[in-house]
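Residue numbers (this note's numbering), protein chains in the order written: chain A, 1 to 197; chain B, 1001 to 1197. Don't be surprised by glycine CBs; every beta carbon is placed ideally from N, CA and C. In this text the structure is predicted, and so the values were computed from the model without any measurement.
Number of protein chains: 2
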Amino acid sequence: MATQTRERILDATAELFRRHGYTGTGLKQIVAAASAPFGSVYHHFPGGKEQLGAEVVLRSGRMYFELFELIFDAEPDPLEAVRGFFLGAGETLRVTDYADACPIGTVALEVASTNEPLRLATAEVFEDWIVRGAARFEGLGLEPAAARALIIQFVALLEGAFMLARAAKSLEAMERAAEAAVALTRAALQQSVDTAG
Amino acid sequence: MATQTRERILDATAELFRRHGYTGTGLKQIVAAASAPFGSVYHHFPGGKEQLGAEVVLRSGRMYFELFELIFDAEPDPLEAVRGFFLGAGETLRVTDYADACPIGTVALEVASTNEPLRLATAEVFEDWIVRGAARFEGLGLEPAAARALIIQFVALLEGAFMLARAAKSLEAMERAAEAAVALTRAALQQSVDTAG
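Here you go:
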C-alpha cells in the first residue's frame, strides 16, 4: 500500500511535469492528482519536491528508453525503427493534444541554470540514453565515435521536434525530424560498410 | 525616458526567461533587474506578465533571426555559415556557463499546454524563422519544400542541442548537431544540383 502510494505520486508528478513543467507543478497538485494525503509526499520523499523531481526524471528517463528498445527489438530494419520511433512519438503527441512529449525535456531546460541536483539528474538521463543508444548502433556495425554522434543527433532532433510540434500543434516538425534521422542513420550505416569494405 | 524604461523591462525579462523560464520569473524580479518602479510594468504592459511575456518572445525571436541573417550574409559558403551559426551558439553557451541559449525555447515548452496566448507567440516566432530561413535556402537553389524541410531540421537540431548542452554543461551535442546540419545542408544542395542538371 505504501509502495502503491509512492508509485502513484511518481506517476502523477511525471504527468504534471510534462504539462506544467517543474516550476509550474506544486505539491498540492501532486497529492491531489495522486489521491494521496499531503504528508505522504514527505514520508516517501523526505527531500521534498526536489528529491521527488530527481526521482521522476530518472524513472521517466528509464521508461522512455525502454520504449526505444522495444521498437528497435521489434523492427529488424534500423531505418524503419528510427522512422517508427519518431512517428510513434508524433502520434502520442497528436492524441494527447500535443501535451505528452518528452517527460524530461521541459524540466531539463527549466532547471539547467537554477537547480544543480535536478540539472545533474537530467544530464544523467541524457547520457544514459546516449550510451545505451550508441551501444545499439555499434551493434549495427558503426564505430564507437560514429555511433555516439548518431544517437546524440537523434536525441537532439527528437527534443527539438517535440518543442516545435508542441508550439505549432502540428506534426510537421516531427515528420521532418524523422526524415533527417533516417538520412543520418542511412549515411552512417553506409559509411561503416564503406570503411569495412 | 518612458521608452527607455520599456526597453529595460523587455531586456531584463528576456534575460530572466533564458535562465529561469516563464513560470520561474516573477514581476518583482523583473522590475528589480530593470531598475524600474513596480507600477511601470503595468503602465507599459497593461496585460501584465502574460502580455510582457508575449512581447519578449516575439522581440527575442526577431533579434535571434537577425543573428542568423548576419552570419549568412557574412559567409559566402552556406556550409560554413551553417557550421558557424551552431558553433557560435555553442561559444555563447560556454562563456555564459551554459545559461544563454535560445531566448524562447524554455518558454515554448513551459507554456505549450498551459497558456494559449503565449503558445501562439512561440509558434509565431518558430514559423517566422522557418519561413524566412526557407527563403534563404531557396535563394541557394533549393525547391520550396526542400528548403522548408531543411530549416525545420536546422531549428530542431539547434533547440535539441541547446537542451543537451545545457544539461551536460558540454559543447559535445552542439558540435554533433553542427555536423548533422552541415551534412543535411550538403545533401539538400547536392540534390538541388542533381535535379537541375
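Extent of the continuous alpha helix (DSSP H) run through residue i
i          : result
B:Tyr-1042 : 1039-1044
B:Lys-1169 : Unbroken run through B:Lys-1169: none, as it is neither H nor E.
A:Gly-48   : 48-74
A:Gly-105  : 105-111
Option nearest residue i by Cα separation, candidates the options
i          : options                                           : result
B:Arg-1136 : B:Ala-1081, B:Glu-1159 and B:Ala-1012             : B:Ala-1081
B:Ile-1071 : B:Gly-1139, B:Ser-1113, B:Gly-1088 and B:Leu-1016 : B:Gly-1088
B:Arg-1132 : B:Glu-1069, B:Gly-1160, B:Gly-1047 and B:Leu-1010 : B:Glu-1069
A:Asp-73   : A:Gly-139, A:Ala-146 and A:Arg-6                  : A:Gly-139
B:Pro-1144 : B:Ala-1036, B:Ala-1165, B:Ala-1123 and B:Leu-1189 : B:Leu-1189
A:Ile-130  : A:Thr-195, A:Val-111 and A:Leu-158                : A:Leu-158
B:Ala-1032 : B:Leu-1016, B:Val-1125 and B:Ser-1170             : B:Leu-1016
B:Phe-1126 : B:Ser-1113, B:Arg-1059 and B:Ala-1165             : B:Arg-1059
B:Ser-1040 : B:Gly-1141, B:Phe-1154 and B:Thr-1003             : B:Thr-1003
A:Gly-61   : A:Leu-93, A:Arg-18 and A:Arg-94                   : A:Arg-18
B:Ala-1180 : A:Gly-90, A:Ala-165, A:Pro-37 and A:Gln-153       : A:Gln-153
B:Val-1107 : A:Ser-192, A:Ala-196, A:Leu-164 and A:His-43      : A:Leu-164
A:Ala-54   : A:Leu-67, A:Ala-196 and A:Gly-21                  : A:Gly-21
A:Arg-94   : A:Leu-171, A:Phe-65 and A:Phe-45                  : A:Leu-171
A:Arg-166  : B:Asp-1097, B:Ala-1167, B:Gly-1141 and B:Ala-1112 : B:Ala-1112
B:Val-1193 : B:Leu-1142, B:Thr-1005 and B:Phe-1065             : B:Leu-1142
B:Ala-1168 : B:Thr-1195, B:Glu-1066 and B:Asp-1097             : B:Asp-1097
Residue i, DSSP secondary structure in three states
i          : result
A:Gly-88   : helix
B:Gly-1021 : coil
A:Glu-143  : coil
B:Asp-1011 : helix
A:Ser-35   : coil
B:Gly-1026 : coil
A:Thr-195  : helix
A:Asp-128  : helix
A:Ala-99   : coil
A:Thr-114  : coil
Contacting residues, own chain, Cβ-Cβ under 7 Å from residue i (five flanking each side not counted)
i          : result
A:Thr-185  : Pro-78, Leu-79, Val-82 and Leu-150
B:Glu-1124 : Leu-1058
A:Ile-30   : Ile-9, Ala-12, Thr-13, Leu-16 and Val-41
B:Val-1056 : Leu-1010, Thr-1013, Ala-1014 and Phe-1017
A:His-43   : none
A:Arg-92   : Rather than Arg, the amino acid found at residue 92 of chain A in this sequence is Thr. Same-chain partners within the cutoff: Asp-100.
A:Glu-110  : Gly-21, Tyr-22 and Thr-23
B:Glu-1066 : none
Cut-off 8 Å between Cβ atoms - residues of its own chain near residue i, not counting five sequence neighbours on either side
i          : result
A:Glu-75   : Ala-81 and Gly-84
A:Gly-203  : Within the shown structure, residues of chain A are numbered from 1 to 197, placing residue 203 of chain A beyond reach of any answer.
A:Val-155  : Phe-126, Trp-129, Ile-130 and Gly-133
B:Phe-1045 : Ile-1009, Gln-1051, Leu-1052 and Glu-1055
B:Met-1063 : Pro-1103
B:Thr-1195 : Glu-1143
Cut-off 6 Å between Cβ atoms - residues of its own chain near residue i, not counting five sequence neighbours on either side
i          : result
B:Ala-1034 : Arg-1008, Ile-1009 and Ala-1012
B:Ala-1161 : Ala-1173, Met-1174 and Ala-1177
B:Ala-1147 : Ala-1134, Phe-1137 and Glu-1138
A:Gly-199  : Only positions 1 to 197 of chain A appear in the structure, and residue 199 of chain A is not among them; the question remains open.
B:Phe-1038 : Val-1031
A:Arg-6    : His-44
Any non-hydrogen atom of the ligand MG closer than 6 Å to residue i Cβ
i         : result
A:Thr-195 : The ligand MG is not part of this structure, which contains no ligands at all.
- Query: Does the segment 1109-1124 of chain B come close enough to the segment 1094-1101 of chain B to have 3 or more Cβ pairs within less than 8 Å?
  - Reply: Contact annotation: the segment 1109-1124 of chain B does not touch the segment 1094-1101 of chain B, with fewer than three C-beta pairs closer than 8 Å.
- Report yes or no: do the segment 1009-1028 of chain B and the segment 172-188 of chain A share at least 3 C-beta pairs separated by less than 8 Å? At 8 Å Cβ cutoff, the stretches do not touch.
- Does the count of Cβ pairs from the segment 22-33 of chain A and the segment 48-62 of chain A closer than 8 Å reach three? Output reads yes: the segment 48-62 of chain A touches the segment 22-33 of chain A.
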